[in-house]
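**Student:** At the far end of the sequence shown sits residue 61, using full-length UniProt numbering, and the numbering has no gaps.
Note that the Cβ used here is the ideal one computed from N, Cα and C, for glycine as well.
Input: one structure, supplied below.
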Amino acid sequence: MAHPKRRQSKTRTAKRRTHDKAVAPTLAICPNCGEWHVYHTVCGACGYYRGKLAIEKEAAV
1 MAHPKRRQSK TRTAKRRTHD KAVAPTLAIC PNCGEWHVYH TVCGACGYYR
51 GKLAIEKEAA V
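What follows is the structure, encoded as structure tokens:
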């Protein structure tokens with residue numbers, strides 16, 4: 001059976017794999033209010049998600 005001269009540690013391998021997958025979050029514009037937010041999340045400004053009201057905001061008096 002083959003025996004490598006130097007073995008790469010599990011920690012070093014995991015660090016490499018973690019950083020290979022790291023990407024910036026995708027941004028989207030809310031069709032209801034026009035604010036930028038992270039894709040597939042509820043808009044913080046108006047509370048809409050995919051064109052439907054997900055969170056009702058109380059009107060400021």
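Cβ of residue 33 within 7 Å of Cβ of residue 45?
**Tutor:** Within the sequence shown, numbered from 1, the residue matching residue 33 stands at position 33. Within the sequence shown, numbered from 1, the residue matching residue 45 stands at position 45. Their beta carbons are under 7 Å apart, which means residue 33 touches residue 45 by this criterion.
**Student:** What does DSSP give as the partner residue(s) for residue 52 in the beta ladder?
**Tutor:** For the purposes of this step, residue 52 is taken as residue 52 along the sequence shown, with counting starting at 1. Paired residue(s): 49.
**Student:** What distance in whole Å lies between the Cβ atoms of residue 42 and residue 29, which are believed to be in contact at a cut-off of 8 Å?
**Tutor:** Residue 29 sits at position 29 when you count from the first residue of the sequence shown. Residue 42 sits at position 42 when you count from the first residue of the sequence shown. Not quite, the Cβ-Cβ distance comes to about 14 Å (not below 8 Å), so this is no contact.
**Student:** If you draw a straight line from the C-alpha of residue 39 to the C-alpha of residue 31, how long is it?
**Tutor:** Within the sequence shown, the letter at position 39 stands for residue 39. Within the sequence shown, the letter at position 31 stands for residue 31. Cα-Cα distance, rounded: 12 Å.
**Student:** What span of residues does the beta strand (DSSP E) with residue 38 cover, start to end?
**Tutor:** Counting from one through the sequence shown, the residue named residue 38 turns up at place 38. 36-38 is the extent of the beta strand (DSSP E) around residue 38.
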